[in-house]
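Each position in the sequence shown, counted from 1, maps to that position plus 1301 in the working numbering.
Cβ atoms here follow ideal geometry from the backbone N, Cα and C, with glycine treated the same way.
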Amino acid sequence: MRIFTLIWLGQLVSLIGTWMAVFALDIWVFQKTGSATQFALVTLSTTIPPIVISPLAGTLVDRWDRRWTMIISHLCTGLSTLTIVALLITGQLEIWHIYLRNVFISIFGAFHSPAYKASITSLVPQEDLARVSGMVQLSLGIQQIISPLLAGILLNLIQLKGILLIDLAALLVALIPLLLVPFPKISQPADDNQEPLSILREIAYGWTYLTERPGLLKFLIVFTIYQFLIGFTGVLTYPLILSLATPASLGQIAFFAGIGTLVGALVMSTQKNIWKNLIVPILSAMSLSGLWIALAGLRPSIIQIAIATLLFFLTAPFINGSVQVIFQTQVAERVQGRVFALTGAISGIAIPLAALVAGPLADHVFEPLMAFDGPWSRNIIGQVIGSGPGRGIGLLFVIVGCIILVAALIGYQYPGIRELEENLPDA
């Protein structure tokens, strides 16, 4: 645990610095262009490349030394940030440079993420995996609160250049433990008659590994459906809140979300795994998160939304951390890079897909239905949910929450999912 804790601390510092830079660059783009479309393109340039490159990255991570994969990923990310600093100092920085940097750092991240997750299994005893997953979720909660807060304060004091230099310093902090601590060697099965697989066959092997384990594949499908539905709320939360309250209230609720994530992750990271079977608690937590989402949309009350947000983000670290533990314990260590990259790409693509569907569905279907003069404004749905701006989104939240609840209950009905942890991974 001591070695992992040193690495985790370095990664935490790097994570804070990276997201400070992302926050500051996002503001720079919006101030330069005033365009929501340009702002959205910045986000897409970060989210799309990992989905495309992850299967290849996972295959190479299983072939390469995972420690050096993380080190080189950090160095390449630092080089891209250093390039932005040079362009900024010389007055040559343009919007497309930001897009290009985001593409590069997201590609480097596609190598870093499976290497980091897979290395946990070799660095930490199995009985501590749940606690370590809580620590990983805790780092995300700390970053969610600290990065925008520090960047917002420092942007006026040291400008964009200063924040980018902090990001570079944070990367150096992350490199120190990686360079100093040893990583255990991953044992490969000895088979003199087995020919080395080609890159394409190794990429496909990640999918083959899952299809040969129907319970694990079905669990991934349930989690992907969950991620897709959560993507709806991620896109529509801001419009829901701003239809009822001011941007200041939005900021306060975002703060509650960060506190919820921090507390939930802190509890998970300080507790030993008390459940022999994590599947039932995961599905139960998913059901609860569906209830919190439905609660947020049920009435036009900013207090109710704030409470639901806090409860949802208290639950989220347990779900995400426990899902990570399931895959760490159910996937053989020698193939974790390939499988983790593939599962990350599959579940990761659900959120952008939800973003493409959620906006038009809210604007062109549910908002007109729940408008003051809409066809559903006077029936029992309108009487319960309310009518007017934002109530269509509220109804969509209720529907999404109910679907999550049903999906979790259906997942529990499959013995392959319910009994997943009774099967050990292949050596």
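Coarse secondary structure for residue i, derived from DSSP in three states
i       : result
VAL1685 : helix
MET1436 : helix
SER1678 : coil
GLN1393 : coil
THR1547 : coil
ARG1402 : helix
PRO1253 : Nothing about residue 1253 can be read from this structure; the chain reaches only from 1302 to 1728.
ALA1672 : coil
MET1302 : coil
THR1509 : helix
ALA1491 : Only weak support exists for where ALA1491 lies, its pLDDT of 49 falling under 50; the value from the coordinates is given anyway. In the structure shown, ALA1491 sits in coil (DSSP, three-state: anything other than H, G, I, E or B).
THR1422 : helix
PRO1601 : coil
TYR1715 : coil
ASN1621 : helix
PRO1351 : helix
ASN1457 : helix
THR1571 : coil
GLY1691 : coil
6 Å Cβ shell around residue i - same chain, five flanking residues per side excluded
i       : result
PHE1557 : ALA1607, THR1610, LEU1611
SER1423 : PRO1485
GLY1561 : LEU1611, PHE1614, LEU1615
SER1590 : PHE1613, THR1616
VAL1362 : THR1370, PRO1415, ALA1416, GLY1638
PRO1350 : VAL1404, SER1407, ILE1408
LEU1466 : none
ASP1727 : Note on ASP1727: pLDDT 48, under 50, position unreliable in the model; the coordinate value appears next. Here the set comprises ALA1633.
Presumed contact (8 Å Cβ cut-off) between residue i and residue j, rounded CB distance
i       : j       : result
HIS1375 : SER1315 : 7 Å
ALA1322 : THR1370 : 22 Å between Cβ atoms; not a contact.
ALA1471 : GLY1598 : Wrong, their Cβ atoms sit about 38 Å apart, outside the cutoff.
ARG1639 : TYR1506 : 6 Å
ALA1708 : VAL1523 : 6 Å
LEU1592 : LEU1706 : 7 Å
GLN1445 : GLY1559 : 5 Å
VAL1666 : ILE1594 : Rounded, the Cβ-Cβ distance is 18 Å, inconsistent with contact.
LEU1345 : ILE1443 : Between ILE1443 and LEU1345 the Cβ distance is about 26 Å, and since that is not below 8 Å, they are no contact.
Near the ligand MN: residue i beta-carbon under 7 Å from a heavy atom
i       : result
SER1355 : For the ligand MN, the structure offers nothing, since it holds no ligand at all.
Selection from the options that minimises the alpha carbon distance to residue i
i       : options                            : result
LEU1469 : PHE1520, TRP1320, PRO1426, PHE1614 : TRP1320
MET1302 : SER1550, SER1434, ILE1580, LEU1662 : SER1434
LEU1596 : ILE1681, CYS1703, TRP1397          : CYS1703
ILE1328 : GLY1712, ILE1682, LEU1455          : LEU1455
THR1525 : ALA1646, GLY1638, ARG1679          : ALA1646
VAL1626 : SER1678, ASP1429, THR1509, ASN1680 : ASP1429
VAL1343 : GLU1395, THR1378, THR1384          : GLU1395
MET1587 : ALA1655, GLN1629, GLY1712, GLY1463 : GLY1712
SER1550 : LEU1592, ILE1603, ASP1366          : ILE1603
ALA1546 : PRO1601, LEU1579, THR1630          : PRO1601
ALA1419 : PHE1628, SER1678, TRP1397          : PHE1628
ARG1367 : PHE1412, ILE1686, LEU1543          : PHE1412
ILE1554 : ASP1664, ILE1464, GLN1605          : GLN1605
ARG1635 : ARG1692, VAL1685, ILE1421, TRP1309 : ILE1421
VAL1437 : PRO1618, ARG1679, LEU1662, ALA1656 : PRO1618
ALA1663 : GLY1689, GLY1453, ILE1459, THR1334 : GLY1689
Cutoff 7 Å; reference residue i; Cβ partners in own chain excluding five residues on either side
i       : result
LEU1567 : LEU1439
ILE1732 : A question about residue 1732 goes unanswered here, because the residues of the chain that appear run from 1302 up to 1728.
LEU1307 : PRO1478, VAL1482
ILE1399 : LEU1326, VAL1330, VAL1343
GLN1427 : THR1630
ALA1491 : Per-residue confidence for ALA1491 stands at a pLDDT of 49, beneath the threshold of 50, marking its modelled position as unreliable; the derived number appears in the next sentence. None.
Own chain, CB closer than 8 Å to residue i, minus 5 neighbours either side, in chain order
i       : result
GLY1311 : VAL1474, ALA1475, LEU1476, ILE1477, PRO1478, LEU1479
GLU1496 : At GLU1496 the pLDDT is 49, less than 50, meaning the model places this residue with poor confidence and gives no usable figure here.
LEU1732 : There is simply no residue 1732 to check, as the chain begins at 1302 and stops at 1728 in what is shown.
VAL1425 : MET1302, PHE1305, VAL1433
- Message: Does the structure place the segment 1401-1418 close enough to the segment 1351-1361 that three or more beta carbon pairs sit under 8 Å?
- Response: yes
- Should the segment 1663-1675 be regarded as contacting the segment 1696-1707, the criterion being three or more beta carbon pairs within less than 8 Å? yes
- Item | the segment 1504-1522 / the segment 1702-1722 touching (three or more Cβ pairs under 8 Å) | yes
- Counting Cβ pairs closer than 8 Å, one from the segment 1391-1404 and one from the segment 1532-1544, do we hit at least three? no
- Counting Cβ pairs closer than 8 Å, one from the segment 1645-1653 and one from the segment 1521-1532, do we hit at least three? yes
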